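And the structure:
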């Protein structure tokens, strides 16, 4: 029997530890819990550090999101998630489908999520993968060229039923030199459009990166916060927060925390 430790991350899968291998193999159902599981395999000190950097307690998340949902108008109820890639799109669908009542739509649907009639037009709660082929034919991927998402931000803000824009910003080599900076004007404009219509538009985001990324991890977070966007440490937490805002805090997130945001259950 080998001694090497493994973490298996299957988006939406069951969280479990294989005791037949002495706990060397941990299976998790989200990217967020994969980080914690990897750190746990590296030792308690690393696990505590990872938890501090990537986790938000249920109470703290509820308090932060309450500041957002109390500003919404009565008719605002939908989430429009605009992602630059498929993995975060899938993870968000898993999280949102566990919390939100009614139908969820996507151009890259999984589980019980329904396929959008048109990728160009959102409906109800929509999770859009802007990296799908219909958006990249004849143009660079949105991680490199953010134009398609910038246009979509404005379009979504015009819908009076939209409560939340949910977005990822991916740093690192191969990405746009400043993906956050490239979207700031549109985020401001989207919020201004909502305000002129007597509404408040909540923007919830996640920056995927490291402190030494060339785009600047901390500065990217600061830029988003400067235009009123909420920045949460992982995509799974951001999706959970978006659901809480849209539902005015009425969503049941106990299972989400146990299954996707922490190492609960058998751990």
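Residue numbers (the numbering used here): 5 to 271. C-beta: ideal position from N, C-alpha, C; glycine also. Nothing here was measured: the structure is a model prediction, and the numbers come from that model.
Which class does residue i belong to by DSSP, given the choice of helix, strand or coil?
i           : result
residue 229 : helix
residue 172 : strand
residue 21  : strand
residue 187 : helix
residue 119 : strand
residue 41  : helix
residue 270 : For residue 270, the pLDDT reaches just 46, beneath the cut-off of 50, and the residue's location in the model is therefore unreliable, although a value from the coordinates is still provided. If DSSP states are grouped into helix, strand and coil, residue 270 belongs with coil.
residue 205 : coil
residue 177 : coil
residue 198 : helix
residue 76  : coil
residue 36  : helix
Locate the beta strand (DSSP E) running through residue i, then write down its first and last residues.
i           : result
residue 13  : 10–13
residue 129 : 129–133
residue 84  : 82–87
residue 31  : 29–32
residue 107 : Taken as a continuous stretch (DSSP letters only), residue 107 belongs to no beta strand (DSSP E), as it is neither H nor E.
residue 236 : 234–236
Residue i lies in the alpha helix (DSSP H); which residues open and close that run?
i           : result
residue 97  : 90–103
residue 52  : 48–58
residue 156 : 151–161
residue 241 : 239–250
residue 124 : Unbroken run through residue 124: none, as it is neither H nor E.
residue 65  : 62–73
residue 140 : 137–140
One question on the structure: do residue i and residue j come within less than 9 Å of each other, judged by their Cβ atoms?
i           : j           : result
residue 102 : residue 208 : no
residue 240 : residue 95  : yes
residue 187 : residue 157 : yes
residue 244 : residue 108 : no
residue 91  : residue 132 : no
residue 171 : residue 82  : no
residue 238 : residue 58  : yes
residue 41  : residue 13  : yes
residue 191 : residue 231 : yes
residue 161 : residue 128 : no
residue 210 : residue 169 : no
residue 62  : residue 257 : yes
residue 38  : residue 55  : no
Is there a Cβ from chain B that is less than 9 Å from the Cβ of residue i?
i           : result
residue 179 : The structure shown contains no chain B, having only a single protein chain.
Whose C-alpha, out of the options, is nearest the C-alpha of residue i?
i           : options               : result
residue 147 : 180, 48 and 254       : 180
residue 89  : 175, 247, 248 and 83  : 175
residue 206 : 229, 225 and 15       : 229
residue 136 : 145, 84 and 130       : 145
residue 150 : 159, 173, 129 and 138 : 173
residue 77  : 196, 194, 201 and 134 : 201
residue 182 : 196, 199 and 224      : 224
residue 29  : 9, 257, 128 and 138   : 9
residue 85  : 159, 203 and 61       : 159
residue 154 : 184, 130 and 60       : 184
Taking 8 Å as the line, does the beta carbon of residue i fall inside it for any heavy atom of the ligand SAH?
i          : result
residue 73 : What this structure holds is no ligand at all, so the ligand SAH is not there to describe.
Item to check | At least three beta-carbon pairs within less than 8 Å, the region 54–74 to the region 209–225 | outcome: no
Item to check | Sufficient close CB pairs (3 or more, under 8 Å) joining the region 104–120 to the region 159–168 | outcome: no
Checklist entry - Any contact of the region 5–24 with the region 32–44, i.e. 3+ C-beta pairs under 8 Å? => result yes
Item to check | Cβ contact (3+ pairs, closer than 8 Å) linking the region 245–262 and the region 73–90 | outcome: yes
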